[in-house]
Amino acid sequence: MPVVGHFDPKSLLAIPVSGTDGYEMDFNTITMKALRDFVVPLSWRAQYTGLLHGVAGWFDLVFSGNPESDASQPIEMSTGPSAEKTHWQQVRFLFREPLAVNSGQIIRGWMHCVVNDMRSYTVDIEIIVGPYGELSDPSQPFEPLLEKQNGKQGIGARTAVATSMVESDGTTEEVIVVEEDVDGLQFTRRRGRWELHEQSYNYSYTGTTNDMLTKPEHLCMYEPQNTDDVYGGISYTS
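At position 212 of the sequence shown (counting the first as 1) the number is 212 in full-length UniProt numbering, and the numbers step up by one without a gap.
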């Protein structure tokens with residue numbers, strides 16, 4: 001379930017995408033249809049080597065005012081973890097299993113939001129770390145990773161196949177062969193589904209924690225020793 005609550009911005013593996021680089025919605029022109037079903041493209045470059053546990057989300061507001069009078073002086077407000085606290089807080093979508101990320105690697109994916117019967121959103125997210133592999137089509141029916149659904153293996157699942165091997169002495173031994181997923185991305189892809197109305201709350205972060213305990217290395221996030229030696233997302237040091 002989604003986790004709602006403020007969190008330490010030092011725990012972010014990548015620089016947040018916001019402002020004109022983020023996903024924009026103009027509430028003066030957007031249609032109801034576009035609000036009911038939309039896809040947010042995701043793309044970051046990891047700043048640290050560590051474990052990616054999920055995707056965090058929040059929104060920024062820009063009140064442009066009357067275009068005939070004060071449009072040149074918009075009022076902006078952020079609900080992000082680095083901004084002043086608001087009652088909207090932030091939301092975290094945590095994967096069932098974390099994903100290893102190296103400093104410099106590109107993290108790409110999508111977030112598909114569809115209105116549900118609870119006057120909220122069903123949120124599907126898929127991400128891939130690194131340059132290899134194709135993202136699935138968010139418009140297709142959701143199918144989880146590493147799980148069975150309707151008797152079929154989910155995308156990225158491992159399958160076990162039993163075969164028989166006849167030994168030289170005439171005995172028969174059953175051998176289990178494990179086949180990896182078709183695109184070989186079981187270690188670099190994560191996908192999940194969350195019902196936004198089934199959120200839980202975590203108010204443990206107050207913003208007054210000891211700085212020594214929130215340094216990246218204390219959060220198991222490590223910077224390359226030489227930023228000039230980052231190649232292919234892996235840091236090489238001399």
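The beta carbon of each residue, even a glycine, is placed where N, CA and C say it ideally should be.
The model shown is predicted, which means the values in this text are computed figures rather than measured ones.
Next on the checklist: Is the separation between the beta-carbon of residue 126 and that of residue 191 shorter than 9 Å?
Outcome noted: If you number the sequence shown from 1, residue 126 lands on position 126. If you number the sequence shown from 1, residue 191 lands on position 191. Against a cut-off of 9 Å, the Cβ pair of residue 191 and residue 126 comes out as a contact.
Item to check | Identity of the residues DSSP links to residue 91 by a beta bridge | outcome: Looking up residue 91 in the sequence shown gives position 91. Answer is 4, 57, bridged to residue 91.
Item to check | Own chain residues within Cβ distance below 8 Å of residue 223, not counting five before or after | outcome: Indexing the sequence shown from 1 puts residue 223 at position 223. Cβ neighbours of residue 223 beyond the five flanking positions: 47, 48, 49, 103, 216.
Item to check | Collapsed DSSP secondary structure at residue 198 in the structure displayed | outcome: Residue mapping note: residue 198 aligns to position 198 of the sequence shown, counting from 1. In this structure, residue 198 counts as helix in the three-state DSSP scheme.
Checklist entry - If we ignore side chains and look at the alpha-carbon of each, how far apart do residue 138 and residue 110 end up? => result Walking along the sequence shown from the start, residue 138 turns up at place 138. Walking along the sequence shown from the start, residue 110 turns up at place 110. Near 7 Å, if we compare the C-alpha coordinates of residue 110 and residue 138.
Checklist entry - Alpha carbon to alpha carbon, how far is residue 73 from residue 15? => result Position 73 of the sequence shown holds residue 73. Position 15 of the sequence shown holds residue 15. About 27 Å.
Next on the checklist: For residue 62, which residues in the same chain have their Cβ closer than 6 Å to its Cβ, ignoring the five residues on either side in sequence?
Outcome noted: Here residue 62 corresponds to residue number 62 of the sequence shown, with the count starting at 1. Contacts found: 74, 76.
Checklist entry - DSSP state of residue 111, grouped into three classes? => result Position 111 of the sequence shown, counted from the start, is the residue given in the question as residue 111. Three-state result, residue 111: strand.
Item to check | Buried versus exposed call for residue 90 [16 or more other C-beta atoms within 10 Å across all chains shown] | outcome: Along the sequence shown, one-based indexing puts residue 90 at 90. Buried, by the Cβ-count rule.
Checklist entry - Does DSSP put residue 310 in a helix, in a strand, or in coil? => result Residue 310 lies beyond the stretch modelled for the chain, which goes from 1 to 238, so this question has no answer here.
Next on the checklist: Measuring alpha carbon to alpha carbon, tell me which residue in 123, 207, 130 is nearest residue 56.
Outcome noted: The residue labelled residue 56 in the question sits at position 56 within the sequence shown. For residue 56, the nearest C-alpha among the options comes from 123.
Checklist entry - Which one of 93, 80, 186, 29 has the shortest CA to CA distance from residue 132? => result Reading the sequence shown from its first residue, position 132 is the one you call residue 132. Residue 186 is the option with its Cα nearest to residue 132.
Item to check | Residues that residue 119 bridges to, as DSSP identifies them | outcome: In the sequence shown, the residue the question calls residue 119 occupies position 119. In DSSP, residue 119 forms no bridge with anything.
Item to check | Enclosing beta strand (DSSP E) for residue 77 [first to last residue] | outcome: By one-based count along the sequence shown, residue 77 stands at place 77. From DSSP, the beta strand (DSSP E) with residue 77 extends over 75–78.
Checklist entry - Taking C-beta to C-beta, are residue 106 and residue 80 nearer than 9 Å? => result As a position in the sequence shown, residue 106 is number 106, starting the count at 1. As a position in the sequence shown, residue 80 is number 80, starting the count at 1. Their beta carbons are not under 9 Å apart, which means residue 106 does not touch residue 80 by this criterion.
Checklist entry - Can you give the beta carbon distance from residue 17 to residue 200, rounded, assuming they're within the 8 Å contact cut? => result What you label residue 17 is simply residue 17 of the sequence shown in a count that begins at 1. What you label residue 200 is simply residue 200 of the sequence shown in a count that begins at 1. Their Cβ separation, rounded to whole angstroms, is 25 Å, which puts residue 17 and residue 200 out of contact at 8 Å.
Checklist entry - Since residue 13 is in the beta strand (DSSP E), which residue starts that stretch and which ends it? => result Taking the first residue of the sequence shown as 1, we reach residue 13 at position 13. No beta strand (DSSP E) holds residue 13; DSSP gives it neither H nor E.
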